[in-house]
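Numbering (full-length UniProt numbering), first residue to last: 1 to 447.
Yeah, the Cβ is synthetic: ideal placement off N, Cα and C, and Gly gets one too.
None of the values given here were measured: they were computed from a predicted structure.
Structure record follows, encoded as structure tokens.
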Amino acid sequence: MLEMRTNPPVFKAPRPLAGRVRVPGDKSISHRSLMLAALAVGTSRIEGLLEGEDVLATAAALRAMGASIERGGDGAWTVNGVGVGGLLQPATALDMGNSGTSTRLLLGLIASHPITATFIGDASLSRRPMKRVIDPLSLMGADFTASPGGTLPLMVRGLCPAVPIAYRLPVASAQVKSAILLAGLNAPGITRVIEPVPTRDHSERMLKGFGADLEISYEEGPRIISIRGEAELRPQQIVVPGDPSSAAFPVVAALLVPGSEIVVENVGLNPTRAALFDMLRAMGGSIFEEKRREVGGEPVADLRVKASNLTGIEVPPEIAPSMIDEFPVLFVAAAMAKGRTVTRGLEELRVKESDRLALMARGLARCGVIVEERADGLVIEGRDGAPFVSNDRPIIAADLDHRIAMSFTIASFASRDGIAVDDMSPVDTSFPGFADLLRSLGAETAA
């Protein structure tokens, strides 16, 4: 259990939320744009890059392996790549901080290069399982020495040339898929990933954009992604859209605070990522798309959101991969809805930065919500708009998980006495400026 701050800040919404805001750049796209630009031959330019701690950890690791990565005065980033196969031996361990995405995808990059690298991370990341990427990358010839349970710290020795494989994903995971495809870039022949359940497809879109020979086909249901190795990637000009996972927080806040109406601009609406907004609409949420367009191969729109009376629903388990990071804040919306919300198929939430099912169940119960925690999801009895209450102002232990911290910050807007979070510092990993954005919409903080 973390030591809690004695007077953590409490967010309140004394009036309806209003205004236009932009959330930080998409984290998934930011990671991948840096990695592929580092493997291209020439100079790439990236606008709108998320400058959170997770993405900066990716940039630092790529610099340690030879890429030149700089931020310009206009906020855009330039990357001078080393070419596929050109990564250099890092002189020191690669510190991934709290970033599971950085770790798993970089393991894929290194697996097919003739270098050895040690990965370390913070206490939270060091609990997270890496075996799901170690297994397929080992089949490609990489050698791993990991801590007990397949966790960090770990050392990987890449193999060049690596062995192309055909790998069927045992669980839906965009990170595992991406790690294999990235390793396949420098493996002779064709590497295939068989995906029974579609997951976010940013890697496929971006690999094609950089010039990789990649094909997608379907055979009796599964999605098969094939990449031809020993590729030569071309530098690109990239504009990163706003992260839908970050947009989820002001969107839910506006739905819950009576009288609110806001616009969240430039939100990425990739169909493999945007299911949260569909589920909120199914609950009765007023969320409208404006100025829908395509930017860099990704669908983008402005979202106009109005306060709404929500109704509980049963969330189809098959859509879980397309909103896996958004379930904590969906649970908050469900707790304020009328009727019961049932979620299933969410075992993945137990091995994120924290056990998100357990933490959300425990925290909501402290706020007066009737919630049943099951092995693979939560069943939440909504309060039909009645404010969250408790015998005292609850202080929620977020366990160093940024999405838990932000979700209960949004819950505080719908509480009688306010809800505090023990430590908001992890929020900077994905959403720098989170508190300032909420204040710009009319939120206030009190000790």
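- Residue state for Gln236 is assigned as coil, using DSSP reduced to three classes.
- By the Cβ-count criterion, Pro196 is exposed, with fewer than 16 other Cβ atoms from all chains shown falling within 10 Å of its own Cβ.
- Around the Cβ of Tyr167, a 10 Å sphere holds 16 or more other Cβ atoms; the residue is buried.
- Here Ala166 carries a strand assignment [DSSP, helix/strand/coil].
- By the neighbour-count definition (other C-beta atoms within 10 Å, threshold 16), Pro244 is a buried residue.
- CA-CA distance, Asn266 to Pro148, rounds to 43 Å.
- Each of Gly85, Gly100, Gly25, Glu290 was checked against the Cα of Lys352, and the nearest Cα belongs to Gly100.
- Per DSSP, reduced to three states, the secondary structure at Lys352 is coil, with no helix or strand assignment.
- Separation of the CB atoms of Ala179 and Leu139 is rounded to 12 Å, and the pair is thereby denied contact status at 8 Å.
- When C-beta atoms of the stretch 308-319 are compared with those of the stretch 333-351, three or more pairs fall below 8 Å, so the two segments count as touching.
- If you check the CB distance, Ala142 and Gly121 do not come in under 8 Å.
- The C-beta distance from Gly382 to Ala334 rounds to 6 Å, short enough to fall under 8 Å.
- By the C-beta criterion, the stretch 27-35 is judged not to be in contact with the stretch 276-283, since fewer than 3 inter-stretch pairs fall below 8 Å.
- DSSP places Pro316 outside both helix and strand once states are collapsed to three, so it counts as coil.
- Excluding the 5 residues flanking it on each side, Arg304 has same chain C-beta neighbours closer than 7 Å at Val263, Phe288, Glu290, in chain order.
- Within the same chain, Phe11, Val421 come within 7 Å of Thr409 by CB-CB distance, once the 5 residues on both sides are set aside.
- Apart from sequence neighbours up to five positions away, the residues of its chain that approach Pro299 with a beta-carbon distance below 8 Å are Gly268, Leu269, Asn270, Pro271, Arg292, Arg293, ordered along the chain.
- Within 10 angstroms of the beta-carbon of Ile134 lie 16 or more other beta-carbons, which makes it buried.
- Contact annotation, Ile115 with Leu88: C-beta distance approximately 7 Å; criterion of less than 8 Å satisfied.
- Scanning the stretch 132-207 from its first residue to its last, the whole beta strand (DSSP E) runs of 3-plus residues come out as 143-147, 151-157, 166-168, 190-195.
- For Arg403, the uninterrupted alpha helix (DSSP H) run begins and ends at 402-412, by DSSP.
- Each of Ala414, Glu348, Ala162 was checked against the Cα of Leu364, and the nearest Cα belongs to Ala414.
- Between Ile396 and Ile370, the CB-CB gap reaches or exceeds 8 Å.
- Comparing alpha-carbon positions, the option among Phe431, Pro16, Asp26 lying closest to Arg273 turns out to be Asp26.
- Contact check between the stretch 211-231 and the stretch 240-257: fewer than three CB pairs, one atom from each, fall below 8 Å, which does not count as touching.
- If you look at Lys27, you'll find it in the alpha helix (DSSP H) that goes 27-39.
- Going by DSSP, Ala275 is part of the alpha helix (DSSP H) stretching over 275-282.
- Looking at the backbone, the Cα of Arg15 and that of Ile225 are separated by about 49 Å.
- Taking a cut-off of 8 Å for Cβ pairs, the stretch 248-263 and the stretch 189-207 do not touch, as fewer than three such pairs fall below it.
- Asp436 sits exposed, since fewer than 16 C-beta atoms from the chains shown fall within 10 Å of its C-beta.
- Within the stretch 72-138, the beta strand (DSSP E) runs of at least 3 residues that lie entirely inside it are, in chain order, 77-80, 116-120.
- The continuous beta strand (DSSP E) containing Leu378 extends over residues 377-381.
- Within the model, the alpha-carbon separation for Pro432 versus Glu220 is close to 43 Å.
- In the three-state reduction of the DSSP assignment, Phe288 falls in the strand class.
- Ala76 and Leu49 have their C-alpha atoms roughly 7 Å apart.
- For Phe11, DSSP records a beta bridge to Thr445.
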